[in-house]
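Okay, so here's the structure we're looking at.
Chains as they are written, first to last, in my numbering: chain A, 2 to 164; chain B, 2 to 164.
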């Protein structure tokens, strides 16, 4: 059995994956964020996920502050789970995964598109450089140490021009 | 043992997760995309991932067109794996996971920041509406059926204003 954490990693992407990297996690979040689902029975039916797995994921989301229980007296299957701001902000992760899948794994075209509720325009995630307002991609984006880097990271990354 | 696929899903995010949703996958891609790593031994040492897991992930990446083997005669541990365009474009998924982790799980500040190689400015992923150029977030972004939607998805989603 593989663990859930990446203890050696001082990395925000690794921290995020510890919370939502397990099977079904992001699809449950997706259905909460974009289909407005809250009820256990609704997630179970629409996703076809085993109820023990679903119960574990939802309980972990509550523990980690991604969801909150709305009507705790309804019993497990009638219970509702609502995304918190922390959970809802994962909609951006889902949008970027969708965009990548649309480009590389959607031979019939995008199954789903994202729209701006205000105006009906298509919403896309793009990189933007706060310096020059360009939209760099690929090797034009490089990782540098930030304020939370360890001394080890500084030594490793500052010796590599492309890191 | 959980499966790797989401057969019932007609969803590009689910397709993406089938290819990179397993443990270690995105951290291996991250080290290829942002640390320039290619060698098996380098991934193994820096990530501390078990060699059998690493070998499986890299082989799957090659099978699925995310990486290509550069020097196949060097033997398993000396072999190099280079990201293809398909694999490299996952850098945006890693950037968004990082941004979320920075906001919600980085009490000491971001360990890593992303910079524009051209100008040194900070690079961030943002939503942009192609209609009105706003940067909508949260519930202002809604999912609609796209050209690749199934009849079932159309029926389900077009009856829900918020979906």
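Built from N, CA and C at the ideal position, the CB exists for glycine as well. In this text, all values refer to a predicted model and were calculated from it rather than measured experimentally.
Chain B contact residues for residue i, given Cβ-Cβ distances below 7 Å
i	result
residue 43/A	In chain order: nothing, as chain B lies at least about 11 Å away.
residue 89/A	139
residue 60/A	Result: empty, since nearest Cβ-Cβ is about 17 Å, beyond 7 Å.
Residue i at chain B interface by Cβ criterion, 8 Å
i	result
residue 83/A	no
residue 35/A	yes
residue 53/A	no
residue 164/A	In this predicted model, residue 164/A has a pLDDT of only 39, less than 50, meaning its place in the structure is not dependable; the value taken from the coordinates is given anyway. Closer than 8 Å: yes.
residue 153/A	no
residue 107/A	yes
Interface partners of residue i on chain B, CB under 9 Å
i	result
residue 29/A	None at all; the shortest Cβ gap to chain B is about 12 Å.
residue 68/A	What residue 68/A touches in chain B: nothing, since even the nearest Cβ is about 13 Å away.
Partner residues on chain C for residue i, Cβ-Cβ distance less than 7 Å
i	result
residue 15/A	This model lacks chain C altogether, as its protein chains are A and B.
C-beta neighbour in chain A for residue i, strict 8 Å
i	result
residue 39/B	no
residue 63/B	no
residue 98/B	yes
residue 71/B	no
residue 149/B	yes
residue 135/B	yes
residue 6/B	no
Listed by chain order, chain A residues near residue i by CB distance under 7 Å
i	result
residue 103/B	13
residue 18/B	27 and 98
Chain A contact residues for residue i, given Cβ-Cβ distances below 8 Å
i	result
residue 76/B	Within chain A, no residue comes near residue 76/B; the closest Cβ sits about 26 Å away, beyond 8 Å.
residue 160/B	Simply none; closest approach about 11 Å.
residue 146/B	112, 113 and 114
residue 22/B	22, 24 and 27
residue 156/B	Per Cβ cutoff of 8 Å: no residues; residue 156/B is ~13 Å from chain A at best.
Cβ distance (whole Å) where residue i is taken to contact residue j below 8 Å
i	j	result
residue 39/A	residue 82/A	6 Å
residue 94/B	residue 84/A	The pair is not a contact, with the Cβ atoms about 20 Å apart (cut-off 8 Å).
residue 90/A	residue 143/B	The Cβ separation is near 16 Å, so there is no contact.
residue 136/A	residue 128/A	5 Å
residue 5/A	residue 19/A	6 Å
residue 121/A	residue 132/B	6 Å
residue 107/B	residue 125/B	Actually they do not touch by this definition, with Cβ atoms about 15 Å apart.
residue 118/B	residue 140/A	7 Å
residue 67/B	residue 88/B	3 Å
residue 21/A	residue 27/A	5 Å
residue 102/B	residue 16/A	4 Å
residue 151/B	residue 11/B	5 Å
residue 59/B	residue 25/B	That belief does not hold up - the Cβ atoms of residue 59/B and residue 25/B are roughly 10 Å apart, past 8 Å.
Neighbour list for residue i in chain B, Cβ cutoff strictly below 8 Å
i	result
residue 49/A	9
Where residue i meets chain A, residues with beta-carbon distance less than 9 Å
i	result
residue 46/B	Those within 9 Å of residue 46/B in chain A number zero; the least Cβ separation is about 11 Å.
(request) Could you name each continuous alpha helix (DSSP H) segment of 4 residues or more that falls completely within the region 29-86 of chain A, going from the start of the chain to the end? (result) 41-48 and 52-64
(message) At a CB distance below 9 Å, what residues from the region 117-133 of chain A approach chain B? Give them in sequence order.
(response) 117, 118, 119, 120, 121, 122, 123, 124, 125, 126, 127, 128, 129, 130, 131, 132 and 133
(request) List in chain order: all unbroken beta strand (DSSP E) runs of 3+ residues lying wholly within the region 102-138 of chain B. (result) Counting whole runs of 3 or more residues, the region 102-138 of chain B contains the beta strand (DSSP E) stretches 113-117 and 124-130.
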